[in-house]
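What follows is a single structure, written as structure tokens, with notes after it.
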Amino acid sequence: MSGDIPFSNLNRKENLRKVSKETFDLVVIGGGITGAGIALDASSRGLKVLLLEKGDFASGTSSKSTKLIHGGLRYLKQFDFWLVKEVGSERAIVHKLAPHLVIPEKMLLPLIEGGSYGKWLTSIGLKVYDILAQVSGDDKRQMLEKKEALKLEPLLPKKILNGAGYYAEYRTDDARLTLENLKTSLQFGAQAFNYARVTDFVYDNESVAGVKFYDEVFGDECSVSSKYVINAAGPWVDELRSINHSKRGKRLHLTKGVHLVFPKEKLPVQQSVYFDIPDGRMMFAIPRGKVTYVGTTDTNFNLDKDHVTTDIADAIYLISAVNNMFPDINLELDDIISSWAGLRPLIHEEGKSASELSRKDEIFTSETGLVSIAGGKLTGYRKMAERAVNRIARNMEEDHNVELEPCTTDKIRLCGSDFIKFKHVKKYIAQLFDRIKDSGFTEYDAWYLVTTYGKQTETILEHYSSIAGSDVHERMIRAEAQFAIAHEMALNPLDFFIRRTGRLYFDIDSVRSYTSPILEEFQKAYNYSSEEMDAFSKELGAQLKEHSDFSLERG
């Protein structure tokens, strides 16, 4: 499926004017992975869908996770077999929908003296995990002796290592997964707007019959009619329930998760490791392109949800954990090249600590008919969407005598993917490298383009060929920006550098190197004033500092 359907803010005012005259079957509030999954599920079943996001798509939790589609091995310790079974099975499905974006990643679980996983328990646990998640073939778990484990990861602590578990997970780019779900929903007639903040609900006979929203771009107040509304606003779900006067009973419990990024040379793990922290928690070290990232923390959060940052204490905690597990590594604060911090919108349970709270999702329906969904995990987004749309389907049948088809999103390939298996992705990367290497591009460049855009790389290459200049990397990043503006609703350089490309996290030097050309592309597309351009430039500088400067004077 192609990502060439126009999906752009260039004709925003006209598109919003049209929308305000239409009546939708469903308005989805929230452009994170849950909202995007709902938009695709509902539109593919024939509903007329509008999605509204108050900031940029995926700008909340859905660009700040551990970026793994994983089965939640740790939930076995909590005997949460249902969750392990569901998210475990979902991994393979989501990989099949976008093999270029959901990439197989073997995980090593070191067994260390005094660690939280012993050999026998790990062997049984991983076996149960395989059975529950219906894992087959090469992905089945293996138990490794100490020597085999050290061969796979020489940085592990030789003195206290007793062996390792070895099992399959998948790595992703959460923001791109969100975008490709949204773009795929357009093919079924869905519409979506970023920077459209829902401010209130429209009621008819005391039932929700639409929403009012504020267009953050032009400053207009808008409203739209809809038979049903789903609140999938992640950490902001309770704010919308309050506006709807229905925040009763269960409520959200927000916890913060932090990740740090290091250059490959500073933390040269050869593969992903899931390891013990002295306080009894577990964390990941994951190699990705030019970097290795580590995480995560799990602490209660009650501050500004629109500004979640990594503080020095978070950074020191994660660095200490890495240095403790890998004795030959001696990371310091100065070694951090980037970081991110995000919120988990969990369901509050009295007396439970942050890391003990269930990751299950729940649906609340208010007396006025507002359906809210919260909790859950990135891996389970498709099933969460299915459950939410099933709730709407029941209402459609009762209220309008309309029967919806069942969910088929397990068979709908996402934008950019016409790959059957991951081996086809690898083949395409190799072919692409052959085509672009003589121009001065590296294998990393080919890998980056394909694992970011899939077959949409071809559209980016078309843009590239029409851009003049001698710096091929500058031409290519300009081509990416043109694609993001025309086909991915990017409105400003931050949308591009953070959510469309992940460069702020995984290739921060390229943000510094190409700030000027990217600012130029956005000014050219949107005719921004010099004041607006100065504001973007300042904001980008502030983001670079916030994500990468961990000197002790920080703050």
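With numbering that gives the first Met the number 0, the residue at position 170 of the sequence shown is 169, and numbering never jumps.
In this text, a Cβ means the ideal position worked out from N, Cα and C, and glycines have one as well.
Beta-carbon contacts of residue i that lie in its chain and below 8 Å, excluding the five residues immediately before and after
| i | result |
| --- | --- |
| K105 | Y165, Y166, A167, E168, Q270, S271 |
| R280 | D297, S354 |
| E85 | G379, K382 |
| D572 | Because the chain spans 0 through 554 in this model, residue 572 falls outside it and cannot be assessed. |
| Y128 | G70, L72, L75, V83, G87, V134, R140, Y166 |
Nearest-angstrom Cα separation, counted from residue j out to residue i
| i | j | result |
| --- | --- | --- |
| E519 | R16 | 28 Å |
| S529 | T514 | 15 Å |
| R11 | A191 | 11 Å |
| S262 | L120 | According to the sequence provided, residue 262 is Pro. The question's Ser does not apply to it. Between P262 and L120, the C-alpha separation is close to 34 Å. |
| L251 | L239 | 12 Å |
| L369 | A231 | 11 Å |
| L503 | S62 | 11 Å |
| F496 | V510 | 7 Å |
| I459 | K126 | 43 Å |
| V290 | L266 | 8 Å |
| A91 | D172 | 16 Å |
| E147 | V197 | 54 Å |
| K324 | S338 | The sequence given here has Met at residue 324, not Lys. C-alpha separation (whole angstroms): 20 Å. |
| M282 | S319 | 12 Å |
| E396 | F6 | 32 Å |
| I335 | K359 | 33 Å |
| V101 | V424 | 11 Å |
| R553 | F535 | Any answer about R553 is weak, because its pLDDT of 49 lies below 50 and its placement is not dependable; what the coordinates show is given next. If you take the alpha carbons of R553 and F535, they lie about 22 Å apart. |
| R175 | A524 | 22 Å |
| Q481 | Q522 | 11 Å |
| G2 | Y452 | Since pLDDT at G2 reaches only 49, below the 50 mark, its modelled position is unreliable, and the value read off the structure follows with that caveat. If I take the Cα positions, the gap works out to 9 Å. |
For residue i, the three-state DSSP class (helix, strand or coil)
| i | result |
| --- | --- |
| R16 | helix |
| R381 | helix |
| Y463 | helix |
| A132 | coil |
| D409 | coil |
| I102 | strand |
| E487 | coil |
| I497 | helix |
| E519 | helix |
| K255 | strand |
| L110 | strand |
| T364 | strand |
| F23 | strand |
| I276 | coil |
| P267 | coil |
| D203 | strand |
| S547 | helix |
| G374 | strand |
| P492 | helix |
| V401 | coil |
| F418 | coil |
| F6 | coil |
| S512 | helix |
Residues of its chain near residue i, where Cβ-Cβ distance is below 7 Å and the 5 sequence neighbours each way are ignored
| i | result |
| --- | --- |
| N394 | Y227 |
| P344 | T60, G233, P234, V236, L251, L253, A373, G374 |
| E112 | I159, N161 |
| E89 | T378, G379, R381, K382 |
| I276 | M282, A320 |
| K66 | R170, T171, D172, D173 |
Pick from the options that is closest to residue i, judged by C-alpha positions
| i | options | result |
| --- | --- | --- |
| G29 | F23, L49, K289 | L49 |
| L185 | L413, I428, T458, S371 | L413 |
| H258 | A284, K422, S352 | A284 |
| E13 | C221, D172, L377, S416 | C221 |
| I362 | P5, T33, E152, L9 | T33 |
| D437 | V449, K422, V471 | V471 |
| K420 | K53, P103, N8, E538 | P103 |
| K255 | D433, G87, D313, E442 | D313 |
Close-in-space but distant-in-sequence residues of the same chain around residue i (CB under 6 Å, 5 per side omitted)
| i | result |
| --- | --- |
| D494 | D55 |
| N180 | A35, G36, L39 |
| G288 | F505 |
| P326 | P156 |
| L490 | N8 |
| L96 | R412, L413 |
Min CB distance residue i to chain B below 8 Å
| i | result |
| --- | --- |
| D24 | Chain labels in this structure do not include chain B; a single protein chain is all it has. |
Problem set entry | Contiguous alpha helix (DSSP H) assignments of at least 4 residues, all confined to the region 25 to 98 | 32 to 43, 73 to 76, 80 to 96
Problem set entry | Continuous alpha helix (DSSP H) assignments of at least 4 residues falling wholly in the region 139 to 200 | 145 to 151, 173 to 185
For this session: Could you tell me which uninterrupted alpha helix (DSSP H) segments, each at least 4 residues in length, are contained entirely in the region 210 to 245, listed from first to last along the chain?
Result: 236 to 242
Exercise. Enumerated in chain order, which unbroken segments of the alpha helix (DSSP H) with a length of 4 residues or greater are wholly contained in the region 421 to 483?
Worked result: 421 to 435, 442 to 452, 456 to 464
Problem set entry | Contained alpha helix (DSSP H) runs [length at least 4] in the region 271 to 346, N- to C-terminal order | 311 to 324
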